[in-house]
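S.K.:
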Amino acid sequence: MKKILAVLLAAALAASALCACAAKGKSGTVSTNGSTSMEKVIGALQEQFMSDNPGVKVTYDATGSGTGIEAVMNGTCDIGLASRKLKDTETGLTATTIALDGIAIIVNADNSLGDISLDQIASAFTGETKNWKDLGGDDLEISCIGRESGSGTRDGFESITGTADKCVLAQELTSTGAVIEAVKNSKNAIGYASLSAAQGQAGIKILTVGGVECSEATVLDGTYAIQRPFNLVTKDGGKLSDAAQAFFDFATSKAAAALITNAGAVPTAK
Amino acid sequence: MRKRKAALEQLMRMVFLLCGIVSVAFVLLISVYLIIAGLPAIREIGLWKFLFGTKWAPTFSEPAYGILPFILTSIYGTAGAALLGVPLGVLTAVFLAKAAPPRAASLLHTAVELLAGIPSVVYGLVGMILLVPAIQRLFGLSSGACLLAAILVLAVMILPSIVSVSENALRAVPEEYEQASLALGATGTETWFRVSLPAAKSGVAASIVLGLGRAIGEAMAIIMVSGNVANMPGLFRSVRFLTTAVASEMSYAAVGSLQRQALFSIGLVLFLFIMLLNAFLNLVIKKGGGRR
Chain E
5 MKKILAVLLA
15 AALAASALCA
25 CAAKGKSGTV
35 STNGSTSMEK
45 VIGALQEQFM
55 SDNPGVKVTY
65 DATGSGTGIE
75 AVMNGTCDIG
85 LASRKLKDTE
95 TGLTATTIAL
105 DGIAIIVNAD
115 NSLGDISLDQ
125 IASAFTGETK
135 NWKDLGGDDL
145 EISCIGRESG
155 SGTRDGFESI
165 TGTADKCVLA
175 QELTSTGAVI
185 EAVKNSKNAI
195 GYASLSAAQG
205 QAGIKILTVG
215 GVECSEATVL
225 DGTYAIQRPF
235 NLVTKDGGKL
245 SDAAQAFFDF
255 ATSKAAAALI
265 TNAGAVPTAK
Chain U
138 MRKRKAALEQ
148 LMRMVFLLCG
158 IVSVAFVLLI
168 SVYLIIAGLP
178 AIREIGLWKF
188 LFGTKWAPTF
198 SEPAYGILPF
208 ILTSIYGTAG
218 AALLGVPLGV
228 LTAVFLAKAA
238 PPRAASLLHT
248 AVELLAGIPS
258 VVYGLVGMIL
268 LVPAIQRLFG
278 LSSGACLLAA
288 ILVLAVMILP
298 SIVSVSENAL
308 RAVPEEYEQA
318 SLALGATGTE
328 TWFRVSLPAA
338 KSGVAASIVL
348 GLGRAIGEAM
358 AIIMVSGNVA
368 NMPGLFRSVR
378 FLTTAVASEM
388 SYAAVGSLQR
398 QALFSIGLVL
408 FLFIMLLNAF
418 LNLVIKKGGG
428 RR
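Taken in order, these protein sequences are the chains called E and U.
Taken in order, the first sequence gives residues 5 to 274; the numbers are from the working numbering.
Taken in order, the second sequence gives residues 138 to 429; the numbers are from the working numbering.
1) Since ILE146(E) meets chain U, which of its residues come closer than 7 Å, beta carbon to beta carbon?
2) Tell me whether ALA221(E) is buried or exposed, calling it buried when 16 or more other Cβ atoms sit within 10 Å of its Cβ.
3) Measuring alpha carbon to alpha carbon, tell me which of ASP56(E), CYS81(E), GLN50(E) ends up nearest ILE264(E).
4) Which same chain residues, not among the five before or five after PHE373(U), have their C-beta less than 7 Å away from its C-beta?
5) Assuming contact is defined by CB atoms lying nearer than 7 Å, are GLU152(E) and GLU176(E) in contact in what I supplied?
6) Secondary structure at PHE207(U), three-state DSSP: helix, strand or coil?
7) In whole angstroms, what separates the C-alpha of ALA384(U) from that of GLY70(E)?
8) Less than 8 Å between the CB atoms is what I'm expecting for ILE230(E) and PHE161(E), so what's the real figure, rounded?
9) Which residues, in order along the region 147-178 of chain E, keep a beta-carbon less than 7 Å from a beta-carbon of chain U?
10) Counting only the same chain and skipping the five closest in sequence on each side, list residues whose C-beta sits under 6 Å from that of ALA234(U).
11) Which partner residues of GLU145(E) appear in the DSSP bridge assignment?
12) Note down, in chain order, each residue of its chain lying with its Cβ closer than 6 Å to the Cβ of PRO370(U), except the 5 sequence neighbours on either side.
13) What does GLY32(E) pair with, by DSSP beta-bridge criteria?
14) Tell me whether the region 141-150 of chain E and the region 224-243 of chain E touch, counting them as touching only if at least three CB pairs, one residue from each stretch, are closer than 8 Å.
15) Is the region 356-371 of chain U close to the region 247-262 of chain U, with three or more CB pairs under 8 Å?
16) Going along chain U, which residues have a C-beta under 9 Å from SER190(E)?
17) For the alpha helix (DSSP H) containing GLY254(U), list its first residue and its last residue.
18) Who are the near neighbours of ALA193(E) in its chain, counting only those whose CB is closer than 7 Å to its CB and skipping five residues on each side?
19) Can you find a C-beta in chain E that's less than 7 Å from the C-beta of THR380(U)?
20) Does THR196(U) have its Cβ less than 7 Å from a Cβ in chain E?
21) Would you kindly report the start and end of the unbroken alpha helix (DSSP H) that includes ALA229(E)?
22) Please go through the same chain and pick out, in chain order, the residues whose beta-carbon is closer than 7 Å to the beta-carbon of ALA261(E), but skip the five residues on each side of it.
23) Using a Cβ cut-off of 7 Å, which residues of the region 216-231 of chain E contact any Cβ in chain U, in chain order?
24) Of the residues that make up the region 337-366 of chain U, which ones have a beta carbon closer than 8 Å to any beta carbon in chain E?
25) Answer with buried or exposed for LEU155(U), where buried requires no fewer than 16 other C-beta atoms within 10 angstroms of its C-beta.
26) Using a threshold of 7 Å, state whether the C-beta atoms of VAL269(U) and GLY261(U) are closer than that.
27) Report yes or no: do three or more beta-carbon pairs, one from the region 403-411 of chain U and one from the region 164-175 of chain U, lie closer than 8 Å?
28) Could you tell me the boundaries of the beta strand (DSSP E) in which LYS243(E) lies?
29) So the candidates are VAL62(E), TYR64(E), LEU97(E), ILE73(E); which of them puts its Cα closest to the Cα of LYS243(E)?
30) Please compile the residues from chain B whose C-beta is within a distance smaller than 9 Å of the C-beta of ALA287(U).
31) Please list the partners that ILE266(U) has in chain E, where partner means a Cβ-to-Cβ separation under 9 Å.
32) At a CB-CB cut-off below 7 Å, which residues of chain E make contact with ALA390(U)?
33) Tell me whether LEU420(U) sits in a helix, a strand or coil according to DSSP, three-state version.
34) Let me see if you follow: with CB-CB separation under 7 Å, is SER385(U) close to chain E or not?
Put into C-alpha cells, the structure is as follows:
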C-alpha cells in the first residue's frame with residue numbers, strides 16, 4: 005500500500021515539475037482584456053490556471069471586444085479577447101478560436117412553427133412582422149423577449165441578425181433563466197438564449213434556423229448561423245512572455261475543453 | 138457601590154450615543170456617496186436632457202440617457218398601487234379595529250402580518266408564474282408582463298403597512314367619541330366613517346405614505362413582472378421603474394462608463410423621491426399631532 009502511494013506521489017511530483025517547466029519560473033502576470041461575453045469562459049480558465057501555477061497572476065478586464073483588440077495592438081495587454089472575428093482593418097493580429105458560442109432561438113413548446121430564417125428573425129425582432137401567421141405559424145401576435153443592454157448574448161444575437169439598436173421588445177429580462185421562464189409561460193413569445201442553457205428545457209422549443217438544428221455539432225461545423233467565436237487575439241511577430249504563452253497553451257489545450265463546456269460554450273480544441 | 142452604578146450609567150450613555158452616531162453616519166455616508174457618484178453623469182448629459190429625455194438607450198451607437206419613462210412609470214405604478222391598495226387596506230383596518238369579532242380579528246391580523254413577512258422575490262415569482270399569464274389571457278395581450286401586473290403586485294405588497302398602522306390609529310380613537318355618536322342614534326357604520334376615521338386621520342395618512350414609500354422603493358418583485366423595456370408608461374405596456382432600471386443594468390455596465398454613472402444618477406433621483414415622501418410623512422404626522 006505504502007509503495008503504491010510512494011509511486012503515485014513520485015508521479016505527481018514529476019508531473020508538477022513538468023508543468024512548472026512549461027510555465028517556466030512559474031511567476032509573472034498575464035493580462036487579458038476584452039469581450040464581456042467571454043467572462044465565464046475566461047473566469048473558469050483563469051481560476052484553474054492560477055491554482056495550477058500559484059506564482060502566475062492572470063488578470064481580466066471586461067471592456068468589450070473592440071477595446072480588447074485595440075489593447076493588444078497597443079501592447080497594453082498580453083492577450084486580447086474578442087467574441088467576434090477580426091475585421092479587415094484590424095491587421096497584424098492573429099485570432100485563435102478557443103470556443104464557439106451558439107445562440108438558440110426559443111419559442112413556446114405549443115408554437116406550431118419549427119423553422120425560421122435569419123431574415124424572419126430580424127423582421128420579428130424589429131417589429132416589421134407582428135403576427136406568427138406571417139411566418140407560417142398560428143394567428144397570434146409575436147412578443148419578442150430580449151436581454152438587457154450590455155448583455156453579451158444580446159450583443160451577439162443583435163450583431164449576427166443585424167438588429168443592433170433596432171429591436172422592439174415586449175420584455176427585457178436580466179438573465180437567461182428569466183428569458184426561458186417567460187417563453188415557457190407565453191405562446192406568443194420568441195426569445196434567445198445560450199445553447200447550453202436552452203438545451204433540454206421543458207416547455208420551450210428550439211427552432212431550427214434556415215433548416216439547421218442548433219446543436220453542439222452544427223455550431224462546431226459552422227452550419228448553424230447564430231454563433232460567434234470566442235477568440236484569443238495576439239500580435240503577429242510579437243513574442244508572448246513565458247507566463248502568457250503558458251496560459252495561451254492551456255486555454256487552447258484539450259484540458260481546458262471541459263472547463264469551457266462547463267462555462268456554457270462549445271470548445272474547439274481537438 | 139453608588140459610584141460604580143454611576144460609572145456604569147455613564148458608560149451605557151456613551152454606548153447609546155455611539156449607536157446613534159453610527160446610524161446617522163450611515164445615512165450621511167450613503168447620501169454623500171450618492172450625490173458624489175450621481176452628479177458627474179447628470180453634468181455630462183445635462184439635467185434637462187436627463188430628467189425629461191424620453192429615450193433610454195445607453196448602449197446604442199448614438200446613446201441616449203433620458204429617464205422620463207422611468208420617473209413616470211414609478212409615479213404611475215405607485216399611484217396605481219395606492220388606488221387599489223389604500224381603500225382595501227383602510228377598510229380592512231376598520232374591520233379589524235371595530236367590526237370584527239375578536240377571534241376573526243386575531244386570525245385576520247395574523248394573516249396580514251404574514252403578508253408583511255413574505256420576501257419580495259416570492260411576490261415576484263408568484264406574479265411571474267400566475268399573474269402575468271393570467272393578464273395575458275384575460276386581456277388577449279401578446280405579453281402579460283406590463284404596468285398593470287406591477288401595480289397589482291405592489292398593491293398587495295403595501296397592504297400590510299397600511300392595515301397595521303391604520304388599525305393602530307383606529308384603536309387609539311377615544312371610546313367616548315364613538316359612544317357619544319352611537320348614543321345620538323348613529324349606526325355602527327356611520328360612527329366608523331363619520332367619527333372614528335376622521336379622528337384617526339393622521340395615523341391613516343401616515344400609513345398611506347408608508348405604503349407609498351414601500352411601493353416606490355420596491356425592485357425585486359416588479360423586475361419579474363413588469364417586462365423591463367424602457368417604454369413610456371401605459372397600462373398594458375412593458376415598462377421599467379426607477380428601481381429596476383438600476384437593478385437590471387448594473388451588472389453589465391462597464392466600469393467607468395457613462396452608462397454606469399447614469400445608473401448612479403438614477404439612484405440619486407430615486408433617493409430624492411423617497412426623501413420627499415419622508416418629509417411629507419413627517420409633515421402629516423406633525424400636523425395631526427398638533428391638533429390633538
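Every residue, glycine too, gets a C-beta built ideally from N, C-alpha and C.
M.R.: Concretely, from the data shown:
1) SER279
2) exposed
3) Residue GLN50(E) is the option with its Cα nearest to ILE264(E).
4) PHE276, LEU278, CYS283, LEU285
5) yes
6) helix
7) 26 Å
8) Yes, they are in contact, since the Cβ atoms of ILE230(E) and PHE161(E) sit about 7 Å apart, within 8 Å.
9) SER147, GLU152, SER153, GLY154, SER155, ASP169, LEU173, ALA174, GLN175, GLU176, LEU177, THR178
10) Contacts found: GLU304, LEU307, ARG308.
11) Looking at the DSSP assignment, GLU145(E) forms a beta bridge with ASN135(E).
12) Once the five neighbours on either side are set aside, the close Cβ partners of PRO370(U) are LEU209, THR210, TYR213, LEU284, VAL376.
13) DSSP lists VAL60(E) as partners of GLY32(E).
14) no
15) yes
16) The contact set of SER190(E) on chain U, defined by CB atoms closer than 9 Å, consists of VAL269, PRO270, GLN273, SER279, SER280, GLY281, ALA282 in chain order.
17) 239-254
18) VAL111, ASN112, SER147, ILE149, ALA186, VAL187
19) no
20) Chain E contact via Cβ: present.
21) Here ALA229(E) belongs to no alpha helix (DSSP H), and DSSP marks it neither H nor E.
22) PRO271, ALA273
23) none
24) Result list: ILE360, MET361, GLY364, ASN365, VAL366.
25) Counting other Cβ atoms within 10 Å of its Cβ, LEU155(U) stays below 16 and is therefore classed as exposed.
26) no
27) yes
28) It is not in any beta strand (DSSP E) - LYS243(E) carries neither H nor E in the DSSP assignment.
29) Comparing Cα-Cα distances from LYS243(E) to each of VAL62(E), TYR64(E), LEU97(E), ILE73(E), the minimum goes to LEU97(E).
30) No chain B appears in the structure shown, which is made up of the protein chains E and U.
31) GLU185, ASN189
32) In chain order: GLY154.
33) helix
34) True, the Cβ-Cβ gap to chain E drops below 7 Å.
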